[in-house]
Amino acid sequence: MDWRQIAESLPEFAEKNRAVWNELDAAQGDGDLGVTLQLAANALADAAAVAGTVRDWLLEGGRAVRKAAPSTMGILLASALIAAGKALPPETGELSSRDWLLVQKTMAEEIMRRGGAQRGDKTVLDAFHPAIEAYEEGLEQNLAAEELMAKAAEAANRSAEATADMASKTGRSSWLGERASGRIDGGAWFCYQLYEWLALKLSGKA
Amino acid sequence: MDWRQIAESLPEFAEKNRAVWNELDAAQGDGDLGVTLQLAANALADAAAVAGTVRDWLLEGGRAVRKAAPSTMGILLASALIAAGKALPPETGELSSRDWLLVQKTMAEEIMRRGGAQRGDKTVLDAFHPAIEAYEEGLEQNLAAEELMAKAAEAANRSAEATADMASKTGRSSWLGERASGRIDGGAWFCYQLYEWLALKLSGKA
Amino acid sequence: MDEMLQGIVKAFPDRLRFTEGDPRGIIRADAPVQGKVAIATGGGSGHLPVFLGYVGKGLVDGCSVGNVFSSPSADTMAQVARQIHGGRGVLFLYGNYFGDKMNFDLAAEILEDEDGIRTLSVRVADDVASAPRDRWESRRGVAGIFFAYKTAGASAERGDDLEQVAEIARRATSRTATMGVALSSCTIPASGKPTFEIGDDEMEIGMGIHGEPGITRTKLMSAGEIAERVVPELIRDLSLAAGDEVAVLVNGSGATPPEELFIMNREVHALLEKEKIRIYRTFVGEYATSLEMAGCSVSLFKLDDELKMLLDAPADTPFLNTFGGV
Amino acid sequence: MDEMLQGIVKAFPDRLRFTEGDPRGIIRADAPVQGKVAIATGGGSGHLPVFLGYVGKGLVDGCSVGNVFSSPSADTMAQVARQIHGGRGVLFLYGNYFGDKMNFDLAAEILEDEDGIRTLSVRVADDVASAPRDRWESRRGVAGIFFAYKTAGASAERGDDLEQVAEIARRATSRTATMGVALSSCTIPASGKPTFEIGDDEMEIGMGIHGEPGITRTKLMSAGEIAERVVPELIRDLSLAAGDEVAVLVNGSGATPPEELFIMNREVHALLEKEKIRIYRTFVGEYATSLEMAGCSVSLFKLDDELKMLLDAPADTPFLNTFGGV
Ligand SMILES: Nc1ncnc2c1ncn2[C@@H]1O[C@H](COP(=O)(O)OP(=O)(O)O)[C@@H](O)[C@H]1O
Ligand SMILES: Nc1ncnc2c1ncn2[C@@H]1O[C@H](COP(=O)(O)OP(=O)(O)O)[C@@H](O)[C@H]1O
Ligand SMILES: [Mg+2]
Ligand SMILES: [Mg+2]
Ligand SMILES: [Mg+2]
Ligand SMILES: [Mg+2]
C-alpha cells in the first residue's frame, strides 16, 4: 500500500467530512473537531511531500500536527503518530499488514497513555480498540489488506454508534453532563470514517 | 391665598401627573422629569411645614429642592425659588397678586440667568414667559386672583403645545436632533399644568 | 446607588472614604492634602471608572456621584470641595453636560459665598461628533477626560497654583479628540428601556455615552473599517501632521471584550504610523463606560513636552492600578 | 487572533514582546530574568486579562496564546519556556483544562528531551461548582488563578527555587475557592452560536468560563440573594472560621457593569463580616472574562502570613496597572 498516496489524499477526505465532525463536536464540545482534523490532514500531506520514508513521515507529520492542531484530538493524533514512527523499524518501506497492526496498536497505546482515557469513556478509543481487535482477528485469518480494513471499519462503525449511550468521562464534553447525552462521540465517528475511507482506498475505489 | 395650603398639596399634584411628565421627558430626554418634580414637590411640602413665612419657605424650600432633585428642572426651580424668596420683602405675609407677579418674574429671570436659554429654545420658558405676560395683562385689567391664574394657564397651554414645532437648543434633548422633533417639551407642559392647578386651587375647585 | 458606593469604599478602605455628612461624595482617604490645589470631579453614575475611579494620588481628590446618568447635587459638590480643599483653591474638572454645569456653577457660588473657597471650572469637551472644531467647547465630554484628569492631576501634584492647573486641564482638553461607535444601546434603569434601538447588523458612529445619537448609522464594520472612518477624522480635528506626537486611548464602553479593543488598537496604530504621527503612549481598556453598551471609542491626545511629562508622572487609583502605583 | 496580539504588543512595547520565532508566545520585554525561576502560563484566548495580561514583573514571565477557548500548541509553550528560562527552571502555571494539560505535559517532555530545561506544573482548580472539595484537583480553573499568579509570581521574584515556587502556587490554589453566576451565555466565534441559552429572567449558578453548565438554574436573583447562595458555599468549602483572614475577588465576566460588581462586593463583605471572617484585601473588576458573557464570580483566598506577604509584594502588568506599579 502506497503511504504517500494515502497521505496526499487526506486533505480531500477531511474536506468532505469536516462539516459532520464539527457538527458532532458542537453537540458536546466546542465544534472544532472538523477544523482540527482538516489542519492535521493538511499538515500530514505537506509532511509526506518532503519525507523520505514512512517513518520520517510519521515523525515529522506528527510534529507538524502538534503545531498546527493543538486541540485534544490533534495532540493525541500527533503523539500517536510520533510514537508509531518511533516503533517502526528504520528500514520499513511500504507498510505490510503486520506493520499496519503495529502502527495501530502503538497509536492506541499512546492515546491512552497521554489522554488517560479508558474504553467506555466515550472517546475515539471506543471505536479504535474494537477496530484494532477486528483487524487482528482478520490478520489471523489471513485476510487481504482491503478486507482487513473493511472488517475494522465495520467494527468501528458499530462501536462508534454505541457511544451515543455512553456518558463522557474525559475532555471538554465531560463538563456538559445532561446536555451531551444521546449523541455519538465525534472522535469515534471520525475513527470509523477513516477506516472506511482506508478500506476504499486500498480496494482502489476511493 | 394661603401659600401653606398650596405647598401641602404639591406632592398630590405631582403624584397625579408624574407619569405624564416622565413620558414627555422620555421622548426627548431621560424620562426623569416626573421623578424630579415629585422630589421637588415633596421637598417643598416638607419645607413649608417648618417655615415661618413665605419668604423662609421659598428660601429653605429652594435649598431642599437643590439637594433632592439636582436634575436640570430641579436646579432651575431651586435657584428660581431662592431668588424669589430673596426678592420678596421680609415682612411679606400672604401673597398679593402683585407679589405673585414679582415671584413669577424673578423666577423666570433666574431660570434664564442660570440656564442660559432664550424663548424659542424649547424649554419651560416657552410656556412660562407667555403665562407671565398674560398674568400681567390681567393684573392691569384688575382681574381676580383665580382669573389671573386661569388666564395665565390658558396662555401657557397654547404656548406649551407650540413647543412641539420647536427644535431643542439646550439641555439633554438638544443632542437628540431628529429623534426629538414633533414632541411637546415636558417642562413647558408642566408649567401649563401648574398654572391650571393653581387656578383651580384659588377658585377652591382643587 | 448607595450600595454601590459602599461596595467601593469597602473594597478600598485604605484609599477612599466617604465625604463626611454626605454619602454621595467620595474623596481620597488622605484628603485634604495641604498646600496642593484640589481637584474635584463628578457626574452621573453608570460610567465607571468615570468619574469616581479617578480619585487618587496624582489624579483627582474627590468626586460627587449622581444617580445613573444624572448630575449630583450642588450641595454634594460643595461638601466634597470643602473636605478636599488644601488651602490653594479647588478646580472643578468634569464633562461638559448641561445638568452638571448648572450644579457645579451653583456649587461654586455656594463655596464663594459661604466658605470663601476659590474655584475654577474646566469642562472636558472632546466628542468630535457633537460639534465642529470651531465650537469645540460645546462638545460633550467623553472618554478623553482621562487625559485631562491625568495631566491636571500631575500639575496639581507638582505644586502648580490654581490658574496653572486649570490651564493644563484646558490645554489637555483642547488637544484631545474622541470618536465613539456603538453596537448596542444602553438602558437607563429608571426608564427600563434602551435609549434607542440598533439592529443586530447595524452600528452607530459618533454615539454619545448616554446613547445620544451620532453622526451616522451604518452596517456593521470591521475594526479596520471603523478605524479608517474614525482616525482620519481625529487627525483632521487636531490638525495632526507628520512628526507630531500623540497618546492613544482605545476605550471600551462596557460590553466590548478587551480582545476587540486590542484589535482596534492595532488598526489605529497602523493608520497613525502611515501618517508618520508618533505614538508616545497607548492606553487600552475600560476608562469610561456606559452601563452595558457595546462599543468603543478612540481618543487622540496631541502632546507637547510638558504634557508628556505630566502624562508620565506617577498616579494611583484602585480602579486603574490593581497593585498600587505610587 | 494575531491582530489582537499585535495590538497588545503595539500598546505596551516597553513591557511586552513576542517570543522570537513564534507569534503566539508573549513574554516580558526584559525576559529572561537571569537567576529567577521563570513562570509560564497559557491557554485559550477570550478571557483577557487571563492569561496573557498577567505577564509582567512579580507575576508570570511568558504566556502561550491559543485560539478562542482552545489550547495553544506544545511547541509554542516550549518556545516560550526557552526564552524566559533564567537558569533555574520553569513553572507551568495554568488552569485545569484537559487540552491545556495535554499540551503542557507534552511541552515539558520536549523541554526535558531537547533542551534539558526542568519544569514543574501546577494546575489551578478553584471552581467549586465543578467537583467537590475532596476531589478539588479535578476542578476547573477559573478567576482564582489571579491569586496563584500573584503569590507564585512574588515567590519567584524573591528568589525561591522551583520547588518552592510550585509549592506556593499549589498552596494558593488549594486555598482558593470560586463560584460564578451567569446571566447570558458566551458565543464561541468558531461556532457562531451561544454555547447555551438562558432566558431573560433566568440565571445559572456555578457556570464555567466557557459556558460549561453550573449546578442549577434559577430565576434572576438580586446581588444580595446571589451572595447568600455563593458565599456560604465558599466558606464551607475552605472551612473558614471566625478570625480567619481572606482576600476577596469579585470578578466580572465581561459584560457586567463595574457598578454591579461593587454592589456584589458590598454583599460579600456583609456576609463575611457576619461570620467574623477578616477581609485582608479586596479586588473588584475584570480579572478573567469570557468574551461577552454577562455574569460574575466571587473568589475567596484563605491567607496565611506568607501568602499575605506575597499578595502584597509589588507587581506590574499593563493590564492591571495603567500607571505602572513597581
Ligand atoms: N482523554 C481522551 N482520550 C482519547 N480521546 C479523547 C479524550 N478526550 C477527548 N477525546 C476525543 O477527542 C474528541 C474531541 O476532540 P477535539 O475537538 O480536538 O477536542 P477539544 O476541542 O475539546 O480540545 C472527542 O470527540 C473524543 O473522541
Ligand atoms: N437651559 C434651560 N433653561 C430652561 N429650561 C430648561 C433648560 N434646559 C432644559 N430645560 C427644561 O428642563 C426640562 C427637562 O428637565 P429634567 O428632566 O430635569 O432635565 P435632565 O434630566 O436632562 O437634567 C426640559 O423639558 C426643559 O423644559
Ligand atoms: Mg472540540
Ligand atoms: Mg430629564
Ligand atoms: Mg435627568
Ligand atoms: Mg477545541
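Chains as they are written, first to last, in my numbering: chain A, 2 to 207; chain B, 2 to 207; chain C, 190 to 515; chain D, 190 to 515.
From the three backbone atoms N, C-alpha and C, an ideal C-beta is built for every residue, glycine too.
These numbers were taken from a predicted model, which means no experiment stands behind them.
Closer than 8 Å at the beta carbon, the chain D residues around residue i
| i | result |
| --- | --- |
| L423(C) | Chain D residues near L423(C): none, gap ~17 Å exceeds 8 Å. |
| I112(A) | Chain D residues near I112(A): none, gap ~11 Å exceeds 8 Å. |
| G443(C) | A444 and P446 |
Contact set between residue i and chain C, taken where Cβ atoms lie within less than 9 Å
| i | result |
| --- | --- |
| A341(D) | In chain order: nothing, as chain C lies at least about 15 Å away. |
| K68(B) | S262, A263, D264 and T265 |
Boundaries (first-last residue) of the alpha helix (DSSP H) holding residue i
| i | result |
| --- | --- |
| M167(A) | Where M167(A) is concerned, there is no enclosing alpha helix (DSSP H), given that its DSSP letter is neither H nor E. |
| R64(B) | V55 to A69 |
| T362(C) | L351 to S363 |
| S344(D) | I334 to E346 |
| F451(C) | P447 to K463 |
| N256(D) | No alpha helix (DSSP H) contains N256(D), which is instead part of the beta strand (DSSP E) from G251 to V257. |
| G75(B) | T73 to A88 |
| E422(C) | A412 to D426 |
| I133(B) | L126 to E141 |
| Y469(C) | Looking at the DSSP string, Y469(C) is not in any alpha helix (DSSP H); the run it does join, the beta strand (DSSP E), is R467 to G474. |
Cβ-Cβ distance between residue i and residue j below 8 Å
| i | j | result |
| --- | --- | --- |
| D26(A) | G187(A) | yes |
| R455(D) | Q195(C) | yes |
| A218(D) | V279(D) | no |
| E391(D) | G443(D) | no |
| A337(D) | T362(D) | yes |
| I216(D) | D250(D) | yes |
| I466(C) | A412(C) | no |
| S72(A) | E111(A) | no |
| V439(C) | V457(C) | yes |
| A318(D) | M368(D) | yes |
| A50(A) | A65(A) | no |
Endpoints, beta strand (DSSP E) assigned at residue i
| i | result |
| --- | --- |
| L280(C) | V279 to G284 |
| I394(C) | E391 to I394 |
| K225(D) | K225(D) -> no beta strand (DSSP E), and no H or E assigned at all. |
| K106(A) | Counting along the chain, K106(A) falls outside any beta strand (DSSP E), though it belongs to the alpha helix (DSSP H) covering S98 to G116. |
| L309(D) | T308 to V313 |
| K290(C) | Note, K290(C): premise wrong, no beta strand (DSSP E); alpha helix (DSSP H) at F287 to I299. |
| T37(A) | Run containing T37(A): none in the beta strand (DSSP E); it sits in the alpha helix (DSSP H), L34 to V51. |
| G484(D) | G484 to K491 |
Within chain B, the residues that residue i reaches when beta carbons sit closer than 9 Å
| i | result |
| --- | --- |
| M396(C) | The contacting residues do not exist; M396(C) stays about 10 Å from chain B at best. |
Chain-ordered chain D contacts of residue i [CB-CB under 7 Å]
| i | result |
| --- | --- |
| A200(C) | F451, N454, T471 and V473 |
| F512(C) | P503, A504, D505, L509, N510 and G514 |
| M193(C) | E448, F451 and I452 |
| I185(A) | Going along chain D, no residue has its Cβ under 7 Å from I185(A), so there is no contact; the nearest lies around 18 Å. |
Interface partners of residue i on chain C, CB under 7 Å
| i | result |
| --- | --- |
| I197(D) | F451 |
Per-residue contacts from residue i into chain B (C-beta, under 7 Å)
| i | result |
| --- | --- |
| F287(C) | T73, T171, G172 and R173 |
| G255(C) | P71 |
Interface residues of chain D facing residue i [CB-CB closer than 9 Å]
| i | result |
| --- | --- |
| R115(A) | M291, D294 and L295 |
| H458(C) | Q195, G196, K199 and A200 |
| L480(C) | P446 and E448 |
Closer than 7 Å at the beta carbon, the chain A residues around residue i
| i | result |
| --- | --- |
| G235(D) | Within 7 Å Cβ-Cβ: nothing; G235(D) doesn't reach chain A, min ~11 Å. |
Contact test: residue i Cβ vs ligand 8 heavy atom, cutoff 7 Å
| i | result |
| --- | --- |
| D250(D) | Only ligand 1, ligand 2, ligand 3, ligand 4, ligand 5 and ligand 6 can be found as ligands here, which leaves ligand 8 out of the picture. |
The segment 96-113 of chain B / the segment 123-142 of chain B touching (three or more Cβ pairs under 8 Å): Verdict: yes, contact present.
Would you call the segment 32-51 of chain B and the segment 138-158 of chain B in contact, with 3 or more CB pairs under 8 Å? Counting Cβ pairs under 8 Å, fewer than three are found: no touch.
Inspect the CB distances between the segment 281-297 of chain D and the segment 313-333 of chain D and report whether three or more fall short of 8 Å. By the C-beta criterion, the segment 281-297 of chain D is judged to be in contact with the segment 313-333 of chain D, since at least 3 inter-stretch pairs fall below 8 Å.
Sufficient close CB pairs (3 or more, under 8 Å) joining the segment 59-75 of chain B to the segment 91-100 of chain B: The answer is no - the segment 91-100 of chain B does not touch the segment 59-75 of chain B, with fewer than three Cβ pairs under 8 Å.
Around ligand 5, which residues pass a check of Cβ closer than 5 Å to any of its heavy atoms? Result (chain order): D31(B), D33(B), S72(B) and S259(C).
Is the segment 391-400 of chain C touching the segment 425-437 of chain C in the sense that three or more CB pairs, one from each, lie closer than 8 Å? The segment 425-437 of chain C is not in contact with the segment 391-400 of chain C.
Count the CB pairs spanning the segment 251-258 of chain D and the segment 233-241 of chain D that are closer than 8 Å, and state whether there are at least three. Enough Cβ pairs lie closer than 8 Å, so yes.
Pair every Cβ in the segment 311-328 of chain D with every Cβ in the segment 353-362 of chain D, then say whether three or more of these pairs are closer than 8 Å. Yes, the segment 311-328 of chain D is in contact with the segment 353-362 of chain D.
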